[in-house]
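Undergrad:
In mature numbering (1 follows the signal peptide of the UniProt record, and there is no 0), the protein residues as written are -23 to -1, 1 to 157.
1. Would you kindly check if the distance between the Cβ of residue 112 and the Cβ of residue 132 is under 8 angstroms?
2. Less than 8 angstroms between the C-beta atoms of residue 51 and residue 38, yes or no?
3. Work out the CA separation of residue 137 and residue 63 for me, nearest whole Å.
4. Put residue 76 into one of helix, strand or coil per three-state DSSP.
5. Please tell me whether residue 107 and residue 142 are closer than 8 angstroms, where the distance is taken between their beta carbons.
6. Tell me which same chain residues have a C-beta within less than 6 angstroms of the C-beta of residue 117, skipping the five on either side of it?
7. What residues in its chain sit with their C-beta under 6 angstroms from that of residue 56, if we drop five residues either side in the sequence?
8. Going by DSSP, which residues form a beta bridge with residue 99?
9. Based on the DSSP output, what are the partners of residue 71 in its beta bridges?
10. With H, G and I counted as helix, E and B as strand and the rest as coil, what does DSSP make of residue 145?
11. In the DSSP assignment, the beta strand (DSSP E) including residue 25 goes from what residue to what residue?
12. Taking C-alpha atoms, which residue in 81, 90, 65, 126 lies nearest to residue 75?
13. Can the beta-carbon of residue 59 be found less than 8 angstroms from the beta-carbon of residue 96?
14. With burial defined as no fewer than 16 other Cβ atoms inside 10 Å of the residue's Cβ, what is the status of residue 73: buried or exposed?
15. Please go through the same chain and pick out, in chain order, the residues whose beta-carbon is closer than 7 angstroms to the beta-carbon of residue 123, but skip the five residues on each side of it.
16. At what residues does the beta strand (DSSP E) containing residue 93 begin and finish?
17. Starting from residue 62, follow its DSSP beta bridges and name the residues at the other end.
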């Protein structure tokens, strides 16, 4: 974004490419199966303080049985966690629970959830690369220049590998859908 990166204190309490409650409850033809390889749940680390299914880095802190903190409440921090395994299933849903906290009223530029062909590629768009190929879901916590829009703002962008994210206008030119 246009401001220097401020901090975001984010507790990622649960991310899963599976339903916790079957969205099609009552339909006996629809089954749900948790994908262990794409689920984050406590304890977040194995007994050797590693994660079998995820890579993490930057300023990320993982308390094995409590939380994942992507960044601390300090300026200019970036943290990330990426799945090591491609998502190959054809039908899935994601359920996520998170918390943003800090002592001040500025909580960084935001964060994103990425479902892309490239993995673990750092860059200027919420910590990942621009011109990505796939789906980016952006949780924008800082208003740069988007009149008439309340922040924080959540939006989706489908990247074609060639189109740049519209940083100057908080993604307005790229938005598939969004809400405050």
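Even for Gly, the Cβ is constructed at its ideal location relative to N, Cα and C. Because the structure is a prediction, the values reported are computed rather than measured.
TA: Considering the structure as presented:
1. no
2. no
3. 19 angstroms
4. strand
5. yes
6. 87, 130, 147
7. 35, 36, 37, 47, 48
8. 105
9. None; residue 71 has no bridge partner.
10. helix
11. Careful: residue 25 lies outside any beta strand (DSSP E) and carries neither H nor E.
12. 90
13. yes
14. exposed
15. 146, 147, 149
16. 87 to 93
17. Bridge partners of residue 62: none, in fact.
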